[in-house]
Amino acid sequence: MSDVKPFLLEIGVEEIPHWMIVPALGELERLFRDLCTANQLETGEVTVDGTARRLVIRCSALTTCQADRDELVMGPPKSAGPGAAMGFAKKNGVSADDLATEVTPRGEYYALRRAIAGRETSDILAESLTALIAKIPWPKAMYWTGKGETTFIRPIRWIVALLGDSIVEFSLAGVNAGALSRGHRRMGSPEIAFDHANYEERLEKNGVILSAGKRRKRIEDGIGKLLKGTGFALIPDEALLTDLVYLTEFPTPILGSFDEKFLALPQEVLSMVMRHHQRYFTVQDSAGNMAPRFVAIMNIKADKKGYVVKGNERVLEARFNDARFFWDQDQHKKLADRVDDLAAVTFQARLGSYFEKRLGVEAGASRIARELGLDETAIRRAATLCKTDLMTEMVKEFTDLQGIMGGLYAKAQGEPEPVWRAMYDHYKPLSMDGPIPATVEGRVLSMADKFDSLEGCFALGMIPTGSKDPLGLRRAAQGIVKILVEGRIRLNLDRFITAGAEETNRVFLCERKAGYVENRTPDGSLELAKQLRDFMTERVKYYFRDVRGFAYDEISAVLAANPPDLVDVEARLHALKMVRQTQDFEPLAASFKRIGNILKQAGRPGGAVSPELLEPGAEQDLYQDMTRVLARVAVLRKSDDYIQALLAVATLRPAVDNFFDSVLVNAPDAAVRQNRLALLGQLFSEVSSIADFSEIVTSSTSE
Amino acid sequence: MDSYQETIFKLKRFWAQHGCVIQEPYDIEVGAGTMCPETFLRVLGPKPYSVAYVQPSRRPADGRYGENPNRLYKHSQLQVILKPAPANVMDLYLESLEAVGIRLDQHDLKFEEDNWESPTLGAWGIGWQVMLDGLEVTQFTYFQQCGGVDLDLVPAELTYGLERLVAFLQDRKSVYDIEWVAGTSYRDVRFRDEQQFSVYNFEKADVKMLWQLFDLHEKEAQRLIDEYRSLDPEKDGTEKRRWPLLSAYDHVLNCSHSFNLLDARGAISVTERVGVIARVRKLAVGVATSWVDQQALLNAPEVAA
């Protein structure tokens, strides 16, 4: 058995964008493991670490030499004769005497068995690492040594590659792998000698905390210490914390303050400036109000003279002054007076301006409101105003505040609460984890805005394909699904999409919108409606499966029953998931699959059951049980009690089993046969209107 | 404490010591030091070149009548081009900060991703904004493309925002309070410019005339580019080698400035904007590709007649 040695590869890079580091480490590890697997090398424990300036992969025990192995090279069949054997031997640089023969199922063959000596790992690494490093994928790479040469995320400035105490010799972009690491730009030595055991310790002495976990802890502990006894508490921001962990090599928090007069600005604005523009944590007092303090994270050990706090405070004050200037400036013109200005802002080159967009949102919001029996007044007003904040200086400067600023300005300008709240929330949900709008008006407005984008884009053929979705239409559709389900809005999606498509068709024809062609299927419905429906269905499936964790077959079963709205879909899924775990369910589902096949083969016959034709015993029993159960199910469904309804259905299992055990559906007598099919047909269709059980994948399903 | 001009002297001296040509500002209005021919044209082609200069950069839409302490219609950039970027370029940059009196052990410095792109110049690069105690003091870019042309050698471009940097060094909350030289403030020197150009740019500029200027400069630049392209390198070799592409580029810069003025005046709708930017880019790309071509002609050995 060969020896093992620790291995370390450190790629020293100019500051890597913080958000790319973790994915790059994942790729580095994958590439390295693939390399080792392909070369039969054992690695021991593999760890990856990264800071803004270095990507590191380490193995605790890498085999230093491949094991020797035998190789069998198959030659021509023995029947080909000694001439062929000579040729084969010559090609492999041996004499014919060295050849053996191997018996295979296809006959006897000449073969050459030879021993392959295992290669030194350091040789394998030396010839592979250049390509391996260059293979790490980046969202946007650059070249730096000249056109057409190596690309990477930022210039590579040093490489350490050590197997045991020896350097693995290779070079990349003019950098030779060596044994010396580098410390922090200002707090460390540019040449650090180390060994495997003291690597992290030596780096830390030179101002680099290698472990992301340790950097995170240093930030958290430091903030805890700073705020202790101040009466203030941190407003946690996990995403910001992660950014800062990867923006630094030696993070240290400092506490700064700002003039209380700025607290008169909306907290949303203060928070945006601090968190997103300056990467500061914000702080609150015991009553939960924003405090005039902030926590910045330095990339050095200490701010002994207080210069860093002071510098950050000055920058923040200038930023807040800007924001206050925008806030004051924007108040000079009311949002209501900015509606016409929207004509100057393009929403999408082919769809037109935000003025046109706003008309579409208004119409959609009204239709949803009417459909749901809501008062339209506030919703329409909010729809009219919701995009006007795009014209304000604040949103031009802080684009992420779109919607939020509209809401805040509308509030300051005396719009009623339902109006400004709807405007404030109408971009929500921003992600599948984010909250949906808080009010029903906001939910309707958000959906109307998203439907309008979907309808317009689809009508002009801008349909997302593959990973390409520049206008974020998938996210928009997903947002609608999330709002409908979590907002418990009982909107019939099919009907609404049909009406929306018709409306879009009418408007686009009327406007002679360039690139729009009315396209109807033979049954007279719009192709557009079908495309939208398919797209939404895909998003509905995605939502329930990937966001909510329902099984694929459960979703298929429920959707096959065509429920009227997504709230209902959710209720059925819950019920199905629960009842599925009961003992009778899966066997019953398997029987339904069988019933489905029988009915399909028989050409889905219709017709009512004639009780007088039922044979006594299993057949009559099933009919009686079914009649009783279906009556109960009908009552339960009136109150959407799908759990009890499905439990009731499950009680049919013995009767169904019994039926199949003792009754021949394919009876010789045609009338009896038809009657049996009618019996099964009724059972199947009634139960399938809750969920199509035949879609359920069961252990006994074998097809 | 160093004055504004002393800091500039120090930076220029530092980069002179590191082999840069010290240029004077270009004498046509530009929005950034990158647009000067010393950067835009010099980064093209295979010849190494290092240069540093202060460039007053005019951004009409950023004017605030001299009333905002941190926003200026015309701010000054110290622009450094190192072509190709040496491997220790980051260290050199840090040394330059120390050269103007920033003790790096007492301050926080972060390099945050910021890729630069200029649609009007058909140029982009990869780099960072350099944050000093939370203040962006420099834009650091490795150029990749200019005028739509992939660069042979990758230059590092360092752009110091001089007003910000000096306000930081002098601990001033307003750039107008910066000491330009003992006894004279930034306000004394620059306030009237800010005020009057804001009035002109936002209120008085004649939109019709600006469009005419834009069209005239565009036409002249395009004419020069077209004629250059039509010259036969064999037959008209001499003429082609001395063809005034630099003059064509001046007209491109004039177009760009007219565009900025029109934009500040609110005369360009959002829909138009993209189209006008594309017009300027077409010219910039035209000059850049012709320039590369001309440089190749100039570098080729003269064929004896």
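Keeping their order, the protein sequence lines are chains A and B. Take the position in the first sequence, starting the count at 1, then add 86; the result is the number in our numbering. Take the position in the second sequence, starting the count at 1, then add 150; the result is the number in our numbering. Glycine is no exception: its CB is placed at the ideal position from the N, C-alpha and C atoms. These figures come from a predicted structure and were not determined experimentally.
Near A/A694, which residues of its chain fall below 7 Å by C-beta distance, leaving aside the five closest residues on each side in sequence?
Cβ within range, chain order: A764.
For chain E, is any of its Cβ atoms less than 7 Å away from the one on B/V304?
Included in the structure are the protein chains A and B, with no chain E among them.
Comparing alpha-carbon positions, which option in A/N125, A/A147, A/L266, A/R144 lies nearest A/R288?
A/L266
From the DSSP output, in three-state form, read off B/E267 for me.
strand
Are the C-beta of B/Q294 and some C-beta of chain A separated by less than 7 Å?
yes
Below 6 Å CB to CB, which residues in the same chain sit around A/Y628 once its five sequence neighbours on both sides are set aside?
none
Pull out every residue of the region 206 to 221 of chain B whose Cβ sits closer than 8 Å to any Cβ of chain A, in chain order.
N218, P219, N220, R221
When burial is assigned at 16 or more other CB atoms within 10 Å of the CB, is B/Q444 buried or exposed?
buried
Buried or exposed: where does B/T309 fall if 16 or more other Cβ atoms within 10 Å of its Cβ makes it buried?
Buried, by the Cβ-count rule.
Just to make sure I have the definition right: I need the residues of chain B whose C-beta is within less than 7 Å of the C-beta of A/P103. Which are they?
Going along chain B in sequence order, the residues near A/P103 (Cβ under 7 Å) are E263.
Give the secondary structure of B/R214 by DSSP, where H, G and I count as helix, E and B as strand, and everything else as coil.
coil
Beta-carbon within less than 8 Å of B/P451's beta-carbon, same chain only, minus the 5 sequence neighbours each way: which residues are those?
In the same chain as B/P451, and ignoring 5 residues on each side of it, no C-beta atom comes closer than 8 Å to its own.
Starting from A/T123, follow the alpha helix (DSSP H) in both directions and report where the run begins and ends.
107 to 124
Since B/E313 and B/S226 are thought to touch, with beta carbons under 8 Å apart, how far apart are those beta carbons, to the nearest angstrom?
Rounded, the Cβ-Cβ distance is 6 Å, consistent with contact.
Keeping to the same chain, check which residues put their C-beta closer than 7 Å to that of A/V665; ignore five residues upstream and five downstream.
F671, I729, L732, L733, A736
Strictly below 9 Å CB to CB, what residues from chain B border A/K226?
N265, I276
Which word fits A/N752, buried or exposed, when buried means at least 16 other C-beta atoms lie within 10 angstroms of its C-beta?
exposed
Per DSSP, what kind of secondary structure is A/F93 in: helix, strand or coil?
Of the three classes helix, strand and coil, the one that applies to A/F93 here is strand, per DSSP.
Evaluate B/L433 with the Cβ neighbour count: other Cβ atoms within 10 Å of its Cβ, from every protein chain shown; 16 or more gives buried, anything less gives exposed.
buried
From the DSSP output, in three-state form, read off A/M87 for me.
Bear in mind that the predicted position of A/M87 carries a pLDDT of just 47, short of 50, making it too unreliable to give a figure here.
Any beta-carbon of chain B closer than 7 Å to the one on A/F93?
no
For a quick check, are the C-beta atoms of B/L360 and B/L411 less than 7 Å apart?
Going by beta carbons, B/L360 and B/L411 fall inside the 7 Å limit.
Nearest CA to the CA of A/G204: which residue from A/T236, A/T149, A/I239, A/A170?
A/T149
Ordered along the chain, which non-local residues of its own chain (more than five positions away) have a Cβ less than 7 Å from that of A/A422?
L471
Among residues of its own chain, excluding the 5 on either side of A/E255, which ones have a beta-carbon nearer than 7 Å to its beta-carbon?
Within its own chain, the residues whose Cβ lies closer than 7 Å to the Cβ of A/E255, once the five positions on either side in sequence are excluded, are A212, A263, listed in chain order.
Whole angstroms are fine: how far does the CA of A/I681 sit from the CA of A/S696?
19 Å
Can you name, in chain order, every residue of its own chain whose Cβ lies under 6 Å from the Cβ of A/M712, other than the five neighbours on each side?
L769
Who are the Cβ neighbours of A/A638 in its own chain at under 7 Å, not counting the five residues just before and after it?
Note on residue identity: the sequence assigns Tyr, not Ala, to residue 638 of chain A. Excluding residues within five positions, the ones whose Cβ falls inside 7 Å are R631.
State the DSSP-derived secondary structure class of B/G181, mapped to helix, strand or coil.
In this structure, B/G181 counts as coil in the three-state DSSP scheme.
With DSSP as the reference, label B/L296 as helix, strand or coil.
A small correction: the amino acid at residue 296 of chain B is Cys; Leu does not occupy that position in the sequence shown. If DSSP states are grouped into helix, strand and coil, B/C296 belongs with the strands.
Under a three-way DSSP split, which group does B/P198 fall into?
Coil.
Can you check whether the C-beta of B/A455 is within less than 7 Å of a C-beta belonging to chain A?
Confidence at B/A455 is low in this model, with a pLDDT of 43, below 50, so the placement of that residue should be treated as unreliable; the coordinate-derived value is given next. It does not: the Cβ of B/A455 has no partner Cβ on chain A nearer than 7 Å.
In the DSSP assignment, what residue or residues form a beta bridge with A/V142?
A/E96, A/D135
Nearest-angstrom Cα distance between B/A454 and B/I178?
With a pLDDT of 46 at B/A454, under the threshold of 50, the predicted position of this residue should be treated as unreliable, though the coordinate-derived value follows. B/A454 and B/I178: Cα-Cα distance of roughly 39 Å.
Let me see if you follow: with CB-CB separation under 7 Å, is A/V481 close to chain B or not?
no
Would you call the region 350 to 366 of chain A and the region 389 to 397 of chain A touching, i.e. three or more CB-CB distances under 8 Å?
no
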